[in-house]
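Numbering (our numbering), first residue to last: 924 to 1293.
We put the beta carbon where it would ideally sit given N, CA and C, even for glycine.
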Amino acid sequence: MARQLISALRCSGHTVTITSDLRSFEGHGNPEHQAIIRHKADSEAKRIIRVIQKTDRQLRPEVWFTYHLYYKAPDWIGPRVCQALGMGYVIAEASHAPKRQHGPWASGHEAVVNAIQTADSILSLTKRDMPCVTPLMHDLARQFYLPPFLEKNPDQIASREEVRHAVANRYGLDTRKQWLLAVAMMRPGDKLNSYEFLARALGALSNDDWQLLIVGDGTARADVESAFSSIGSAIDGGPVAWTGQLDEAALIDVYAACDVFVWPAVNEAYGMALLEAQAAGIPAVAGNYGGVPEVLQDGVTGLLVEPGSLGQFTDAVRSMIESPSLRATFGERARAYVHSERSLAQASEIVNEAVEHAVVVHPRRGIRAS
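Next comes the structure, spelled out in structure tokens:
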């Protein structure tokens, strides 16, 4: 999403400069490591302030933009720079978890609270984050709902007919069968849980009329392959084919060639692959977790399944396989949905409004350059 946000900013006429590559994430709740990161952040903030102060006033940035901060990865730099230099402060995807006020990430939680209280504009990518953020915002600040979006217009994605035979030859698929598609990193935790759930759900289907194409790689690949071992690989006559990690062009071809996107989405905030699939006109079956309903319209562009409901997931996939008319209807709606509501153009308007609000608001709340 960081790349998409940069594109949205540039699309609306803003100049974007990556100011720092400091990584604030600390995943183990180790106070010593957090202190080291904070010390590095303090030094980085001082460096950035000096650089900007030496820049001609006409060329200085007006807004600091931070993406995705939460208690494990707070923004130690942005609020300090903005307060020192009189810049507007915009946050995208801020998460406030009050239960983290005490415990091993208490300092990160406190930094998130400070950032939200400082922000002039906050862009929220899921509606579930908004209620916890709003009470912390200052009186002149605004929160904007920015649903997940794609850079690529659906019209730019290759048609299914152009690539289906090429994909079949490349991965040993049968063009007479329905192709299911899963696209995700292979890492321990929720991603692996989703893969294992998918393997169990598809294991209850007959293998006669479908094949599954899995796109992705990572440290948990051996575990993912083990989960699907009972179903069987396409190389050995089974229904599962593996592509590994693909570049953008190859992935576009795969989306265009497949029939149904399937992903349990265990504990996911939202899934960009779900939007990419719909942009290609592919209906989806997904788990109803987190922000997934904000990228997939249940009964309109695909089917949402109650979290953890194995039988319901299997039935939803089966209904897609058995009904060409359902796939066609959902697929047409999916393509239109992404084109009309989740495009770069729509997102750019929202992002631009948030930036312009920050430029106007921050002088009025008393922030002045030192």
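### Message
By alpha-carbon positions, which one of E1264, I1175, V1284 ends up nearest to A1089?
### Response
One-based indexing of the sequence shown puts residue 1089 at position 166. Residue I1175 is the option with its Cα nearest to A1089.
### Message
Let me make sure I understand the geometry here. Which of N1211, A931, H1032 has the alpha-carbon closest to that of V1056?
### Response
Locating residue 1056 in the sequence shown gives position 133, where the first residue counts as 1. V1056 has its Cα closest to that of H1032, out of N1211, A931, H1032.
### Query
Measuring CB to CB, does G1161 end up less than 8 angstroms from N1130?
As a working note, residue 1161 is residue 238 in the sequence shown. As a working note, residue 1130 is residue 207 in the sequence shown. Yes.
### Task
Specify the secondary structure class of T1295 as computed by DSSP and reduced to three states.
Any question about residue 1295 goes unanswered here, given that the chain covers just 924 to 1293.
### Task
Measure the beta-carbon distance from W1102 to Q1134 and round it to whole angstroms, keeping in mind my assumption that it falls under 8 angstroms.
Counting from one through the sequence shown, the residue named residue 1102 turns up at place 179. Counting from one through the sequence shown, the residue named residue 1134 turns up at place 211. The pair is a contact, with the Cβ atoms about 6 angstroms apart (cut-off 8 angstroms).
### Message
Could you give the first and the last residue of the continuous beta strand (DSSP E) run that contains R1051?
### Response
Start at 1 with the first residue of the sequence shown, and residue 1051 comes out as number 128. DSSP places R1051 in no beta strand (DSSP E); its state is neither H nor E.
### Task
Provide the residue(s) that pair with L1226 in DSSP beta bridges, ordered along the chain.
Position 303 of the sequence shown, counting from 1, holds the residue named residue 1226. For L1226, DSSP records a beta bridge to V1208.
### Message
Would A1034 and G1001 be called neighbours here (beta carbons separated by less than 8 angstroms)?
### Response
Position 111 of the sequence shown, counted from the start, is the residue given in the question as residue 1034. Position 78 of the sequence shown, counted from the start, is the residue given in the question as residue 1001. Not closer than 8 angstroms, so no.
### Query
If you drop the 5 nearest sequence neighbours on each side, which residues of the same chain put their C-beta closer than 6 angstroms to that of A1122?
Here the question's residue 1122 lines up with position 199 in the sequence shown. Here the set comprises A1150, F1151.
### Task
Indicate the three-state DSSP secondary structure (helix, strand or coil) for D1221 in the structure shown.
Residue 1221 sits at position 298 when you count from the first residue of the sequence shown. DSSP places D1221 within a strand segment (E or B) once states are collapsed to three.
#### Entry: Short Cβ contact (8 angstroms threshold) for G1155 with V1147
The residue you call residue 1155 lines up with position 232 of the sequence shown. The residue you call residue 1147 lines up with position 224 of the sequence shown. In this structure, the beta-carbon distance from G1155 to V1147 does not fall below 8 angstroms.
### Message
At the level of alpha carbons, what is the spacing between R946 and I960?
### Response
The sequence position of residue 946 within the sequence shown is 23, counting from 1. The sequence position of residue 960 within the sequence shown is 37, counting from 1. CA-to-CA, the gap between R946 and I960 works out to about 8 angstroms.
### Task
Would you mind giving the Cβ-Cβ distance between S1271 and S935, rounded to the nearest angstrom? I have them listed as a contact below 8 angstroms.
Indexing the sequence shown from 1 puts residue 1271 at position 348. Indexing the sequence shown from 1 puts residue 935 at position 12. Sure, about 4 angstroms apart at Cβ, within 8 angstroms.
### Query
Among residues of its own chain, excluding the 5 on either side of Y1193, which ones have a beta-carbon nearer than 8 angstroms to its beta-carbon?
In the sequence shown, residue 1193 corresponds to position 270, counting from 1. For Y1193, where only same-chain residues beyond five positions count, the Cβ hits under 8 angstroms are L1048, T1049, P1071, G1213, G1214, V1215, E1217, V1218.
### Query
Sorted by chain position, which residues of the same chain lie with C-beta nearer than 8 angstroms to M1060's C-beta, five sequence neighbours on each side aside?
Stepping through the sequence shown from its first residue, residue 1060 is reached at position 137. Contacts found: I1039, Q1040, A1042, I1045, Q1066.
### Task
State the Cα-Cα distance for the pair A1107 and V1004, rounded to the nearest angstrom.
What you label residue 1107 is simply residue 184 of the sequence shown in a count that begins at 1. What you label residue 1004 is simply residue 81 of the sequence shown in a count that begins at 1. If I take the Cα positions, the gap works out to 36 angstroms.
### Query
When we look at the beta-carbon of A925 and count the other beta-carbons within 10 Å, is it buried (16 or more) or exposed?
The residue you call residue 925 lines up with position 2 of the sequence shown. With fewer than 16 Cβ atoms within 10 Å of its Cβ, A925 is classed as exposed.
### Message
Buried or exposed, going by whether 16 or more other CB atoms sit within 10 Å of the CB of L864?
### Response
Shown here, the chain extends from 924 to 1293; a query on residue 864 therefore has no answer.
### Query
Anyone know if the C-beta pair for Y990 and A964 falls short of 8 angstroms?
Walking along the sequence shown from the start, residue 990 turns up at place 67. Walking along the sequence shown from the start, residue 964 turns up at place 41. At a Cβ-Cβ threshold of 8 angstroms, Y990 and A964 do not count as neighbours.
### Query
Between S1153 and V1261, what straight-line distance do the alpha-carbon atoms span, to the nearest angstrom?
Here the question's residue 1153 lines up with position 230 in the sequence shown. Here the question's residue 1261 lines up with position 338 in the sequence shown. The straight-line gap from Cα to Cα measures roughly 36 angstroms.
### Query
To which residues of the same chain is V1189 closer than 7 angstroms at the C-beta, ignoring the five residues directly before and after it?
The sequence position of residue 1189 within the sequence shown is 266, counting from 1. Once the five neighbours on either side are set aside, the close Cβ partners of V1189 are D1113, N1116, S1117, F1120, G1210, Y1212.
### Query
Which same chain residues, not among the five before or five after T942, have their C-beta less than 7 angstroms away from its C-beta?
Here residue 942 is taken as the residue at index 19 of the sequence shown, counted from 1. I971, listed in sequence order.
### Query
How should E1229 be labelled, buried or exposed, when 16 other C-beta atoms within 10 angstroms of its C-beta is the threshold for buried?
Along the sequence shown, one-based indexing puts residue 1229 at 306. Exposed is the label assigned to E1229, since fewer than 16 other Cβ atoms lie within 10 Å of its Cβ.
### Task
Give the DSSP-derived three-state secondary structure of S930 in the structure shown.
By one-based count along the sequence shown, residue 930 stands at place 7. Helix.
### Query
Between the Cα of A958 and the Cα atoms of P997, V1284, P1111, A1143, which residue gives the shortest distance?
Within the sequence shown, the letter at position 35 stands for residue 958. Nearest option by C-alpha distance: P997.
### Residues bridged to Q1006 [DSSP beta-bridge criterion]
Position 83 of the sequence shown, counted from the first residue, corresponds to residue 1006. DSSP output for Q1006 lists no bridge partner at all.
### Query
How should Y1068 be labelled, buried or exposed, when 16 other C-beta atoms within 10 angstroms of its C-beta is the threshold for buried?
Indexing the sequence shown from 1 puts residue 1068 at position 145. With a threshold of 16 other beta carbon atoms within 10 Å, Y1068 falls short and is exposed.
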